[in-house]
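The letter at position 60 of the sequence shown is residue 184 when you use the numbering used here, and the numbering goes up by one with no holes.
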Amino acid sequence: LIYLLLLFTEFRAAFDVFIQDAEDGCISTKELGKVMRMLGQSPTPEELQEMIDEVDEDGSGTVDFDEFLVMMVRCMKDETKGRSEEELAEIFRMFDK
125 LIYLLLLFTE FRAAFDVFIQ DAEDGCISTK ELGKVMRMLG QSPTPEELQE MIDEVDEDGS
185 GTVDFDEFLV MMVRCMKDET KGRSEEELAE IFRMFDK
């Protein structure tokens with residue numbers, strides 16, 4: 125339970141970074157692209173839209189916090205597939221900075 129609370133807190137902090145410049149408090153392709161470029165990724169506008177579309181439950185074209193949680197859980201699930209406990213701990217430490 126404590127682990128889940130820590131994750132929730134970390135995800136909230138990450139979401140707040142995404143929406144720093146957002147007018148509506150949601151993540152658009154603009155905010156998503158900015159953060160991904162900061163992380164060394166170069167997604168196309170189409171790829172960014174696909175990422176948003178995958179979790180955009182309300183059809184707004186943006187990602188609110190609940191949808192962001194879904195995105196993060198999916199990313200974690202993909203990242204952890206086939207990894208050892210030691211590798212998973214290292215991944216968590218990266219997000220825990």
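Beta carbons are placed, not taken as given, at the ideal position from N, Cα and C, and that holds for glycine.
Counting only runs of 4+ residues, the alpha helix (DSSP H) found wholly inside the region 142 to 209 occupies 153 to 162, 169 to 179, 189 to 204, in chain order.
Taking C-alpha positions only, PRO167 is separated from MET196 by approximately 17 Å. CA-to-CA, the gap between GLU174 and ILE126 works out to about 33 Å.
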